[in-house]
Amino acid sequence: MAAQSVKGPTQRMLRVGEQVRHALSETLQRGEIIDPLIENAVISVSEVRMSTDLRVATAFVSPLGAKDTDAVVEALNKHAKFVRGRVSGALRQMKFMPEFRFKLDTSFDNFARINDLLNSPEVARDLGPDDQDRDEQDNDGKKDTE
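Each residue of the sequence shown is one higher than the one before, counting from 421 in the working numbering.
Written as structure tokens, this is what we have:
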């Protein structure tokens, strides 16, 4: 019998990742990390991906209001052990406390780039009036006659 390969994260990995994300967000919100780069930025934790053995948590963060986002992520990685200790109370049910790794979340930049491409004049020209009329019909259920 052939071994099956896992194509994506399991339900358990997703559930634990979401629990870790909530605990991490609460810890960062309380402002317990004493570092000027981290204190002056609002840090949004968009996703936490857990390793298959649940021992490594990779947190994707977006530092809002920070001029140098890479420096903020580097500071978070420097304080990862401190964060691990602070989060441990909220994650008592876990057998092993995960090691934290922080990465910059670029998904918002990708969404903005795609949105700009879709709203560009070249794409609007390629759609043409027939496609735009069809889009208006789909949105309203009937054709706009204004």
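Yeah, the Cβ is synthetic: ideal placement off N, Cα and C, and Gly gets one too.
- Per DSSP, the unbroken alpha helix (DSSP H) holding R441 starts and ends at 431 to 450.
- Minimum Cα-Cα distance from T472 among the listed residues V543, T526, E519 corresponds to E519.
- Shown here, L474 sits in coil according to DSSP, grouped into three states, outside any helix or strand.
- Ranking A461, S482, R504, E494 by CA distance to the CA of V476 puts R504 first.
- Within the same chain, and ignoring the five residues on either side of A510 in sequence, the residues whose Cβ sits closer than 6 Å to its Cβ are A443.
- Scanning its chain for C-beta atoms nearer than 7 Å, with the 5 sequence neighbours on each side dropped, one finds around E452 the residues R506, in chain order.
- Here the region 481 to 495 makes contact with the region 447 to 465; the two share three or more CB pairs at distances below 8 Å.
- If you draw a straight line from the Cα of M470 to the Cα of D525, it comes to about 16 Å.
- Where R506 is concerned, the enclosing alpha helix (DSSP H) starts and stops at 500 to 507.
- Around the C-beta of I463, 16 or more other C-beta atoms lie within 10 Å, and the residue is accordingly described as buried.
- Between A479 and V492, the gap from beta carbon to beta carbon reaches 8 Å or more.
- Minimum Cα-Cα distance from A495 among the listed residues L474, F522, M433 corresponds to F522.
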